Amino acid sequence: MGSDTERDRDETGRPRNTRPRDALGRPLPYGSVGVPRIPDDLRLSPAQTVRYAQDLLDRGQAFGAHEVLESAWKDGPAAERALWQGLAQLAVGITHVQRGNRRGAAALLRRAVQRLGLIGIPAPYGIDTTGLIGQAGALADDLEAGRDIAEARLRIRLAGTD
1 MGSDTERDRD ETGRPRNTRP RDALGRPLPY GSVGVPRIPD DLRLSPAQTV
51 RYAQDLLDRG QAFGAHEVLE SAWKDGPAAE RALWQGLAQL AVGITHVQRG
101 NRRGAAALLR RAVQRLGLIG IPAPYGIDTT GLIGQAGALA DDLEAGRDIA
151 EARLRIRLAG TD
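Residues 1 to 162 in UniProt numbering are what the sequence shown lists, from first letter to last.
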């Protein structure tokens, strides 16, 4: 393992994550070809964020969706932080299901339920917090009970239908 001094850093000295990753966000050896990276400096409107994250979720790339949602959480207005944080936790919870980490997945899904429960109804940007809370809670229950999770259950819809 290399030291921090060998890591790629941005102009502020913060480490960048330049290592290639697979579709589930697991690091690959340097020089490998991984999935396209979500840029560290991603800046999207809320609607673009929801569309991009949904596309990644639809393709089974919950880790990428997590990174997109995390960017909105870190760069968005403080009043929306709980929304984006809850959505990011939901996406990383799904990532843990995909990786086979049932315990970690259940814990993150429970955190997502708590965070999304802080959002007023209706939620901004058409986000279906009620549906997401129900789905995340049911997934966590099933994981904790040792039930198998069908891949289709991981293809959640962030926004309600128009």
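From the three backbone atoms N, C-alpha and C, an ideal C-beta is built for every residue, glycine too. Values in this document were obtained by computation on a predicted structure and should not be read as measured data.
If V68 sits next to I94, beta carbons under 8 Å apart, how far is it from one beta carbon to the other, in whole angstroms? A Cβ-Cβ separation of about 13 Å leaves V68 out of contact with I94 under the 8 Å criterion.
Pull up the DSSP beta-bridge partners for I127, would you. A159
Distance, Cα to Cα, D22 vs D75? A straight-line Cα-Cα distance of about 25 Å links D22 and D75.
Spatial neighbours of G104 within its chain, please: CB distance less than 7 Å, with the 5 preceding and 5 following residues excluded, ordered by chain position. H96
Bridge partners - P27, DSSP secondary structure assignment: P27 is bridged by DSSP to R21.
Would residue 212 be called buried (16 or more neighbouring beta carbons within 10 Å of its own) or exposed? The chain is shown from 1 up to 162; residue 212 falls before or after that span and cannot be answered.
If you draw a straight line from the alpha carbon of residue 164 to that of I119, how long is it in whole angstroms? Past the edges of the chain, shown from 1 to 162, lies residue 164, and the structure says nothing about it.
Looking at D142: is its Cβ nearer than 8 Å to the Cβ of I149? yes
If contacts are defined as beta-carbon pairs under 8 Å, then L87 and L158 qualify, I think. What distance do you get, rounded to the angstrom? 7 Å
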